[in-house]
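Keeping their order, the protein sequence lines are chains R, L, W and F. The end of the first sequence is residue 602 by the working numbering, with every number in the run present. The end of the second sequence is residue 157 by the working numbering, with every number in the run present. The end of the third sequence is residue 349 by the working numbering, with every number in the run present. The end of the fourth sequence is residue 549 by the working numbering, with every number in the run present.
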Amino acid sequence: MSGKQNSAGKTVFSFLRNNTVPLMFILICAVCIPISGFSPSYLLNEIITRLGRNAFLILSLLIPIMAGMGLNFGMTLGAMAGEIALIFVSDWQIWGIPGVVLAMIVSIPFSVLLGWVCGKILNMAKGREMITSYIISFFINGIYQLIVLYLMGSVIPIAHGSIKLPRGYGIRNTVSLLNMRQCIDNLLAIRIEGVKIPVLTLLIIALMCILIVWFRRTKLGQDMRAVGQDIHVARDAGINVERTRIISIIISTVLAGFGMILYLQNIGNLSTYSAHSQVGMFCIAALLVGGASVDRASIGNVFLGAILFHTMFIVAPKAGAVITGDPMIGEYFRVFVSYGVITLALIMYEMKKRRQKASIGAQLALAQKDDDRHEPGIGAQPSPARKEVERHE
Amino acid sequence: MNNKRKWIFRGCTLLFVLLLAGLMFLVGRGHTVYIDNKTLEYNGESYSALERSEVWINGERLSKLSKRDRTMTTTIGNSFEMKLINTEKKGDDPTEVVVKLSLPYSWDGILVNIPGYLAGLPQEAWLSEFIIEPTPMEEDAEEPAGEDDIPTAEF
Amino acid sequence: MKEKLASFVASFGLPRLIITGFLLALFILAPIVGVDLPMQITNVINRFSWNAILVLAMVPMVHSGCGLNFGLPLGIISGLLGATLSLELGFTGPLSFVMAVVISTPFALMLGMGYGVLLNRIKGGEMMIATYVGFSSVSFMCMMWLLLPYHKPDMVWGMAGKGLRTTISLEGYYDKVLSNFLQINIGKVSIPTGALLLFALLAFAMWAFLHTKTGTAMTAVGSNPTFAKAAGIKVDKIRMLSVVMSTWLAAIGILVYEQGFGFIQLYMAPFYMALPAVSAILIGGASVNKATIVHVILGTFLFQGIVTMTPTVMNSVIHTDMSEVIRVIASNGMILYALTRRSEVSR
Amino acid sequence: MSLLEMKNIRKDFFGNQVLTDINLTLEEGEVLGLVGENGAGKSTLMKILFGMEVIRDTGGYEGDILLNGQKVDFKTPFEALAAGIGMVHQEFSLIPGFTATENILLNREPKKKSVISEVFGERLDVLNRKEMTARSEAAIEKMGVKIDGTMVIHDMPVGHKQFTEIARELSKDQLKLLILDEPTAVLTEKEAEALLSSIRGMAAQGIAVIFITHRLQEILDVCDKVVIMRDSCVVKDVPSSETDIPEITRLMVGRQMSSVLKTEIRDNPDAPIALSIRKLWVDMPGETVRNVNLDVREGEILGIGGLAGQGKLGIPNGIMGLYDAGGEVTLRGEKIPLNSPRECLNASMAFVSEDRRGVGLLLDETLEWNIAFPAMQIQNKFLKNYLGGLIKWRDEKAIREITQWYIDELAIKCTSSRQKAKELSGGNQQKVCLAKAFALEPGFLFVSEPTRGIDVGAKSLVLNALKRFNRKSGVTIVMISSELEELRQTCDRIAIVSGGRVAGILPATESAEQFGLLMISQVK
């Protein structure tokens with residue numbers, strides 16, 4: 210009887226522990242929504258807009274996680290590739306959906322190149338992929354600035370003055386994408402009780418999800434999962450580990466490029482030098498809010514995360530303003546929460562690794578007790594967890 | 003053999019993507035079309051402005067042009083179609099004209115003169131490139147904020 | 003000869019060589035293109051004196067094997083708390099600096115200890131988590147700067163009467179108190195003796211510490227934690243000590259920076275302060291697990307040299323200010339280089 | 026024609042002969058049992074056969090390997106696999122989050138083509154799950170032991186993991202020869218039986234098996250012939266029906282003892298107990314200790330021997346606090362708290378670890394630091410006190426002197442006392458480790474595998490230094506070694522650890538067979 214209760218308590222506890230972050234966010238949202246006083250239809254509208262805007266970007270993070278490379282802070286690279294493509298396309302004056310499609314095509318070579326570089330570097334820094342990919346995003350940002358601020362218009366031909374800085378080269382701080390603004394969102398869009406649903410965008414996202422599911426079932430997907438779980442075993446089995454890892458980063462970068470283009474077509478203008486700088490951080494935070502961890506993430510995490518994170522994002526400033534009378538508090542609060550959630554997820558991941566190690570000692574002590582009782586029996590079997598843990602150190 | 007087959011497939015895909023890109027260049031080219039109702043001087047002759055001209059695009063009225071008025075619209079692709087409902091002189095009955103134009107690829111802004119078009123003049127008389135003087139915007143050319151940016155609210 | 007050169011390049015590191023060469027070229031170019039060299043040198047020395055202690059703060063954690071302290075902002079926050087409280091409590095002039103140091107110390111110790119406990123629980127993942135601990139604490143303090151009951155009129159927003167301003171002028175407080183202390187002027191070059199002296203003092207203390215029993219233990223922990231454990235060292239305690247030291251030095255470092263700069267910068271300003279310090283010490287020759295005082299001095303000088311010299315010299319040469327971009331590429335490139343080296347401890 | 030023939034195989038690691046003129050033949054469907062002490066050369070032989078990279082990296086091997094009469098020389102394990110040789114290693118090579126089926130067919134999955142894979146290459150083929158299930162089931166069938174193909178590895182009992190590995194080898198159609206390296210070590214009795222019968226089944230299907238184990242009964246049960254190795258040579262190659270366990274044991278460990286050192290061995294049963302160990306368990310990966318009781322007498326050198334992986338290394342590592350441990354340890358009547366290296370060192374115990382590079386040395390620091398460090402930290406030696414002891418300054422001069430003294434005393438070959446530890450050879454590094462322990466002037470010393478990986482000359486120097494230290498200063502020493510001969514030369518009494526427990530304690534003068542029997546008594 211008590212044993213049953215105990216095990217039920219344990220399941221509840223482990224459920225709570227494994228889902229701390231999403232539960233915390235549900236709580237935050239539940240408190241903030243009534244305080245903010247937004248109407249449900251407004252909220253719903255905003256959430257759907259933001260879901261359509263961001264889901265694709267967040268999806269791009271899944272594949273490196275599958276390949277065991279952690280959260281790809283280098284997705285910023287894809288975002289930059291997308292931005293470069295958009296600058297070109299808007300200089301060529303290709304508008305509307307053709308503009309978006311062309312930008313995606315143009316972004317591919319840039320993304321592949323950047324992803325390849327990133328993958329190469331990460332292969333040199335195994336075990337600290339995350340901090341390295343994080344620094345790579347800064348480093349490439351420098352190169353991006355060099356290209357966009359100094360080379361475009363002077364070396365790389367840019368025809369239109371409207372996107373160039375007055376000095377004759379370099380791109381302006383904002384490039385208007387008015388001519389492709391929400392072109393995808395508005396096509397086939399339907400309104401239900403004042404809530405606009407961008408059907409085409411959602412279709413594209415759904416297609417992407419199907420692609421990811423399909424990808425998991427391919428040989429390459431299987432190899433990535435193998436590499437992600439145990440790099441040595443995968444190598445012994447003849448899988449080209451380095452190449453597989455590079456491919457996973459390239460795919461992620463290309464998808465991030467597409468995601469950034471979709472994101473910017475919704476926003477309608479491009480902040481040339483800052484649009485990408487926070488994108489990685491927000492996407493990673495959203496994914497983690499959805500209950501993903503450094504080594505495990507699913508499509509469900511993406512959507513749950515996008516919805517919860519953006520609900521918080523919408524209501525926090527207003528709620529903060531209502532509570533403290535200062536709208537900035539809410540602004541800072543949501544920034545704090547984004548960083549806090551990443552910090553928490555990273556800490557929990559590292560602690561989980563340590564906990565696994567510590568549990569074996571406890572098992573041995575237990576076996577010893579059994580041993581005493583059954584003396585002089587041959588004794589307990591080596592603990593089954595043993596070998597796995599050794600390998601994973 | 004297998005390799006060859008692989009490269010054929012890859013080549014086809016690449017070709018397809020490039021063709022798609024090319025197609026996008028054609029169908030996605032955006033233009034701004036300016037429609038003028040002004041008196042046109044051509045070869046010493048003068049074609050006077052209409053009393054009134056309504057410009058309809060895609061079944062919606064864009065604007066109503068009086069004498070010396072100008073309106074503008076944007077269009078994607080190189081073919082452009084509009085319907086004009088013209089009143090030549092005060093008191094005249096309005097006449098309907100459907101205008102179909104093929105827009106030159108390299109021009110961003112295109113100026114169409116209605117009186118010239120209606121008079122059946124050669125194309126170079128009523129179709130011209132419209133260049134906006136790049137107005138020096140007061141946007142500061144300072145360094146981008148870059149990494150010191152505060153995370154923005156817009157996301 | 004060629005081999006010797008190759009081995010020198012290998013040991014010194016190509017990126018480091020490029021950066022040193024670049025700075026040398028700048029110094030040579032400067033007089034040719036008509037830049038005021040004495041003024042530039044004064045600038046470099048001044049900026050060196052502002053930043054050196056922040057770079058010095060990297061040393062203890064590198065020594066104890068915690069890696070590069072990307073969590074520097076945590077220490078900076080303690081310094082900012084000390085600074086603002088010192089002003090709020092009405093101290094002025096040099097005394098306000100002393101009080102800022104005194105007040106920030108307990109904050110640095112407390113935050114450092116918490117940070118140390120955390121880092122001891124996540125051995126192996128220090129650098130990434132440190133980065134994000136820094137970020138979260140900065141964004142948390144953004145709220146606090148608004149909410150904490152500061153009242154001093156020259157610190158808070160004029161309209162609301164509460165909430166600290168983003169930048170607070172230190173005029174009348176400790177603006178340049180160290181720099182002007184015993185300042186030496188040789189021709190056009192002026193040397194901020196006081197600030198340099200404080201750095202020298204702290205650097206000496208650090209050097210001395212590394213020669214004591216505990217300092218030796220710290221180096222051993224960084225060099226081989228299992229060896230240290232087998233030799234009876236409480237590894238966690240030593241690591242904790244190094245984290246606290248680093249945090250405290252960061253607190254002092256930001257105060258010295260402020261006295262040179264003349265302003266307290268709040269809110270998002272400490273956000274990316276770790277990166278320049280990290281890349282400076284790496285440029286100086288440190289690696290993820292080895293760092294000395296020489297690396298600190300050399301690195302700060304090289305880094306600040308590039309930061310100050312590039313804008314002016316580049317501007318005179320090509321009439322474009324590419325310094326920001328060059329700084330970003332050089333400093334982050336240096337960090338990348340260090341991260342991708344196989345960790346230099348041979349096992 | 027034989028399936029496999031190995032002729033005059035020789036191999037040395039940097040001048041250290043590990044295989045001498047090995048000859049071996051194996052017929053189709055034959056089961057060969059390979060036995061020998063650790064370090065006898067079994068695994069090196071198998072590595073050569075399997076084309077492991079480590080062999081080529083260390084200069085290759087001499088002699089010929091003939092497979093079906095054809096000379097082969099595998100550059101990589103993949104070539105060996107292609108030629109029909111499969112090997113199940115001691116450590117599992119399985120992906121924990123995959124099912125048994127996915128692991129069995131790892132990187133050999135049947136696939137289906139699609140338009141996308143035509144463009145982006147065959148890695149984008151979709152896996153053919155149905156075919157995978159069929160193939161893995163066929164392999165499991167072949168093995169004769171029932172395991173669930175859909176079960177995820179990390180939920181499996183250890184035995185099933187082992188069977189998954191074997192099934193993986195069996196799923197390769199070209200498999201002709203299967204090498205099993207101590208496959209029963211992790212199995213329960215029932216599972217081991219199942220495995221043995223499946224080996225017989227495989228043999229019946231014409232697959233030859235090389236079976237390495239320490240459980241001699243298994244060899245006799247299942248093998249057609251036994252090959253016994255000792256000291257890098259094959260000492261006997263007999264049909265298993267013509268031999269028995271005592272003979273095999275004797276051949277495994279038997280050796281003529283050098284009579285020179287025998288005289289120095291003393292046994293003093295009346296000496297007081299120095300260290301008493303009760304109910305010790307240690308969680309050291311691969312060297313688990315369970316319920317060890319052991320008494321060490323004052324002034325003796327006690328040897329601890331046993332086969333690798335049986336837990337002998339866990340004992341000192343656990344007591345000295347390097348791995349999680351539990352139980353009771355008393356030194357001269359005082360209880361020593363476990364899991365605290367500091368307390369042990371304070372109680373004047375010292376430890377020379379078997380893991381020189383990982384635990385024993387600060388590779389990037391000077392010899393001075395290495396030798397003086399523990400003594401400085403534990404006993405405040407080599408320090409100058411300033412401000413009434415507030416500042417404890419490193420006394421570089423004293424450190425240099427003591428280092429120099431040990432360099433001379435132990436004949437450490439180095440350029441100076443400031444040379445970095447990583448630049449020394451293995452034997453000299455070991456001497457530095459000893460010097461580090463001696464500098465603590467301990468009352469009780471653990472020495473773990475003092476001669477591992479060092480050449481013969483250095484070996485006797487190190488062992489002599491230990492013996493001298495014990496005899497001169499009367500320090501009690503516990504020496505752990507895999508080499509029985511070395512223990513018998515140096516120690517007074519020898520405890521044999523088997524299956525994580527002390528199987529017995531014998532005087533060093535006892536015959537090799539006796540030790541051998543103890544070694545395999547509780548092997549699991």
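Beta carbons: idealized from backbone N, C-alpha and C, even for Gly. All values derive from a computational prediction rather than experimental measurement.
- Counting C-beta pairs with one atom in each stretch, the stretch 435-443 of chain F and the stretch 451-469 of chain F have three or more that are closer than 8 Å, which means they touch.
- Judged by DSSP in its simplified three-state form, S502 of chain R adopts strand.
- Put simply, the CB of V544 of chain R is near chain W, with a gap under 7 Å to one of its CB atoms.
- Non-local beta-carbon contacts of I273 of chain F in its own chain, meaning distances under 7 Å to residues more than five positions away in sequence, involve V60, L241, V251 and I253 in chain order.
- Under the three-state reduction of DSSP output, C392 of chain R falls in the helix class.
- Counting only Cβ-Cβ distances below 7 Å, F348 of chain R has contacts in chain W at I331, N334, G335 and L338, in chain order.
- The closest CA to that of G189 of chain W, considering only W:A32, W:C68 and W:P40, is found on W:P40.
- With 16 or more neighbouring CB atoms inside 10 Å of its own CB, D150 of chain F falls in the buried class.
- Each residue's CA atom was taken as its position, placing L106 of chain F and C418 of chain R some 38 Å apart.
- Taking 7 Å as the threshold, the shortest C-beta distance from R381 of chain R to chain F does not fall below it.
- Out of L:L52, L:W128, L:T75 and L:L113, the CA that lies nearest to the CA of L67 of chain L is found in L:L52.
- Counting along the chain, R63 of chain L sits inside no alpha helix (DSSP H); it lies in the beta strand (DSSP E) bounded by residues E62 to S68.
- If you look at E326 of chain W, you'll find it isn't in any beta strand (DSSP E); it sits in the alpha helix (DSSP H) that goes S325 to T342.
- Under the DSSP assignment, Y348 of chain F falls outside any alpha helix (DSSP H); it carries neither an H nor an E label.
- The alpha-carbon separation between K92 of chain L and I59 of chain L amounts to approximately 24 Å.
- Proximity of chain L to V144 of chain F at the Cβ level (cut-off 7 Å) is accounted for by F11, R12 and T15, in chain order.
- When only Cα atoms are considered, I165 of chain F and L16 of chain L end up about 45 Å apart.
- When CB distances to chain W are screened at a threshold of 8 Å, the residues of the stretch 400-425 of chain F falling below it are M401, Q402, I403, N405, L408, I416, K417, W418 and R419, in chain order.
- Counting of Cβ neighbours within 10 angstroms places L113 of chain L among the buried residues, the total reaching 16 or more.
- With a minimum length of 3 residues, the unbroken runs of beta strand (DSSP E) contained wholly in the stretch 373-428 of chain F fall at 374-377, 408-411 and 416-419.
- In the displayed model, Y175 of chain W falls within coil according to three-state DSSP, outside both helix and strand.
- C-alpha of V315 of chain W to C-alpha of T22 of chain W: approximately 16 Å in a straight line.
- Taking the C-beta atoms as reference points, C458 of chain F is found no nearer than 7 Å to I326 of chain F.
- For the pair V404 of chain R and L253 of chain R, the CB atoms are nearer than the 7 Å cut-off.
- In the three-state reduction of the DSSP assignment, T285 of chain R falls in the helix class, which pools H, G and I.
- Here Q306 of chain W is buried. Its C-beta has 16 or more other C-beta atoms within 10 Å.
- Using a Cβ-Cβ cut-off of 7 Å, H65 of chain W does not count as an interface residue toward chain F, since no Cβ of chain F sits closer than that to its own.
- In the DSSP annotation of this structure, I399 of chain R is not part of any alpha helix (DSSP H); the continuous beta strand (DSSP E) holding it starts and ends at I399 to I401.
- When the alpha-carbon of I257 of chain R is set against those of R:M233, R:I406 and R:A495, the nearest one is in R:I406.
- Taking the Cβ atoms as the reference, S265 of chain F lies roughly 6 Å from D249 of chain F, within the contact range of under 8 Å.
- Three or more Cβ pairs drawn from the stretch 29-37 of chain F and the stretch 83-96 of chain F lie within less than 8 Å of each other, which places the two stretches in contact.
- Distances from the CA of L555 of chain R to each of R:F282, R:L268, R:L295 and R:V240 were compared; the closest alpha carbon is that of R:F282.
- Counting along the chain, T249 of chain W sits inside no beta strand (DSSP E); it lies in the alpha helix (DSSP H) bounded by residues V237 to F263.
- In this structure, DSSP gives S106 of chain W a helical state, which the three-state scheme calls helix.
- In this structure, the beta-carbon distance from T410 of chain R to G261 of chain R falls below 7 Å.
- Sequence-ordered contacts of the stretch 305-319 of chain R with chain L read G305, P307, G308, V310, L311 and I314 [C-beta pairs closer than 7 Å].
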